[in-house]
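Enquirer: Structure below; questions to follow.
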Amino acid sequence: MTDTVPDAACSVDSFHRDAFRLVQPVRRGHRAGVDAMLVASALPGSFSGAVADLGAGAGAAGFAVAARCPQTHITLVENAPEMAGFARRSIALAKNSALATRISVLEADVTLTGTAREAAGLGRDAFSGVVMNPPFNSASDRATPDALKRAAHVMADDLFETWLRTAAAITAPGGLLALIARPASLAAILAALEGRFGGARIVPVHGRAESPAIRILIRARKGNRAGLTLEPPLVLRDRNDQVTERAEALTNGQAALFGD
Numbered sequence: 017m018t019d020t021v022p023d024a025a026c027s028v029d030s031f032h033r034d035a036f037r038l039v040q041p042v043r044r045g046h047r048a049g050v051d052a053m054l055v056a057s058a059l060p061g062s063f064s065g066a067v068a069d070l071g072a073g074a075g076a077a078g079f080a081v082a083a084r085c086p087q088t089h090i091t092l093v094e095n096a097p098e099m100a101g102f103a104r105r106s107i108a109l110a111k112n113s114a115l116a117t118r119i120s121v122l123e124a125d126v127t128l129t130g131t132a133r134e135a136a137g138l139g140r141d142a143f144s145g146v147v148m149n150p151p152f153n154s155a156s157d158r159a160t161p162d163a164l165k166r167a168a169h170v171m172a173d174d175l176f177e178t179w180l181r182t183a184a185a186i187t188a189p190g191g192l193l194a195l196i197a198r199p200a201s202l203a204a205i206l207a208a209l210e211g212r213f214g215g216a217r218i219v220p221v222h223g224r225a226e227s228p229a230i231r232i233l234i235r236a237r238k239g240n241r242a243g244l245t246l247e248p249p250l251v252l253r254d255r256n257d258q259v260t261e262r263a264e265a266l267t268n269g270q271a272a273l274f275g276d
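For what it's worth, the numbering used here labels the leading residue of the sequence shown as 17, then goes sequentially.
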């Protein structure tokens with residue numbers, strides 16, 4: 017194991033106050049940030065069992081869950097071979113040796129269905145939890161010329177239906193789903209959750225208290241029939257443009273989004 021930067025096209029970046037490190041592409045592809053840390057914070061610290069990180073990229077959200085929830089085993093599900101390669105290099109880092117035995121990579125397309133999905137390694141009811149930080153930018157947004165980054169950022173029209181169909185298939189009854197998206201996707205997400213996951217708890221995320229929400233965080237449970245709850249907002253920065261105490265704790269693995 018080594019923590020040496022593999023080549024000039026990569027960097028080794030620290031997360032959760034150096035609880036883990038990720039090998040990530042430089043100047044291309046998707047580089048993890050606040051979104052991945054926030055969606056990982058939606059699972060309880062005591063959560064246990066198998067967790068799938070769908071569309072994992074280099075593995076940021078999955079690593080964050082593993083670091084904060086020591087009774088979990090993480091499968092990083094990634095369709096792009098290059099990004100899956102970064103995830104494998106991340107697992108191999110010496111700094112991550114304490115987590116490495118609980119994290120694996122599965123190259124698979126999240127949109128597969130039925131027997132094809134199971135043949136790819138995404139078994140029915142196989143996971144206690146699923147986290148996802150999907151590509152949620154609109155195709156009408158300014159496009160990047162980087163194909164690897166575009167695949168990680170731009171969503172298909174039916175993304176939430178196809179991804180949540182897979183999440184429902186691979187999550188065991190009573191298992192948890194956590195996801196992050198733009199507020200504009202809320203209607204599509206709620207429609208895709210219908211009949212699959214219930215008891216949704218929704219946290220609006222604001223860059224500043226006086227600004228509109230820039231993200232929504234959602235946690236729901238498979239098979240639950242309870243209605244949704246709109247939780248108090250998460251504000252990332254205060255009036256002095258400093259990271260708020262709560263945002264700092266959540267993004268550094270020191271707290272759980274729902275206090276559990």
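Note that CB positions come from ideal geometry on N, CA and C, so glycine has one too.
Between the alpha carbons of Asn95 and Val251, how many angstroms are there, rounded?
Expert: 33 Å
Enquirer: Return the chain-ordered list of same chain residues with a C-beta closer than 7 Å to the C-beta of Ala236, the five sequence neighbours on each side being excluded.
Expert: Leu193, Leu209, Phe213, Gly214, Gly215 and Ala216
Enquirer: In its own chain, which residues sit with a C-beta less than 7 Å from the C-beta of Met17, not counting the 5 before and 5 after it?
Expert: Unreliable placement is indicated for Met17, whose pLDDT of 49 sits below 50; the coordinate value is still reported in the next sentence. Cβ within range, chain order: Ala108, Leu109, Ala110 and Ser113.
Enquirer: Mind reading off the beta-carbon distance from Arg118 to Ala82? Whole number of angstroms is fine, and I expect it under 8 Å.
Expert: 5 Å
Enquirer: Following the continuous alpha helix (DSSP H) through Pro189, name the residue where it begins and the one where it ends.
Expert: Counting along the chain, Pro189 falls outside any alpha helix (DSSP H), though it belongs to the beta strand (DSSP E) covering Thr187 to Ala197.
Enquirer: From this set, Ala116, Ala80 and Leu122, which residue's C-alpha is nearest Thr91's C-alpha?
Expert: Leu122
Enquirer: What did DSSP end up calling Val67 once you bin it into helix, strand or coil?
Expert: strand
Enquirer: Compare the C-beta of Glu94 against all C-beta atoms of chain C and say whether one is closer than 8 Å.
Expert: Of the protein chains in the structure, only one exists, and it is not chain C.
Enquirer: Could you check what DSSP says for Ala225 in three-state terms: helix, strand or coil?
Expert: coil
Enquirer: Just to confirm the assignment, what range does the alpha helix (DSSP H) spanning Thr131 have?
Expert: Gly130 to Ala135
Enquirer: Rounded to whole angstroms, how far is the Cβ of Leu202 from the Cβ of Ile232, which I believe are closer than 8 Å?
Expert: 6 Å
Enquirer: Does the beta-carbon of Pro41 have 16 or more other beta-carbons within 10 angstroms, so that it is buried, or is it exposed?
Expert: buried
Enquirer: According to the Cβ coordinates, are Ala188 and Ser144 closer than 8 Å?
Expert: yes
Enquirer: Do His222 and Ile230 count as a contact pair if the criterion is CB distance below 8 Å?
Expert: Yes.
Enquirer: Tell me, to the nearest whole angstrom, how far the beta carbon of Ala272 is from that of Ser57; I am working on the premise that it is less than 8 Å.
Expert: 6 Å
Enquirer: Going by DSSP, what residues sit across from Met148 in a beta bridge?
Expert: According to DSSP, Met148 bridges with Leu70 and Leu195.
Enquirer: Of the choices Ala142, Gly130, Leu115 and Ala80, whose alpha-carbon is the least far from that of Asn149?
Expert: Ala80
Enquirer: On the DSSP bridge list, what partners appear for Ala236?
Expert: Leu193
Enquirer: Among residues of its own chain, excluding the 5 on either side of Ser30, which ones have a beta-carbon nearer than 6 Å to its beta-carbon?
Expert: Arg37
Enquirer: Is Ala216 helix, strand or coil when you go by DSSP?
Expert: Three-state result, Ala216: strand.
Enquirer: Within 10 angstroms of its Cβ, does Ser62 collect 16 or more other Cβ (buried), or is it exposed?
Expert: exposed
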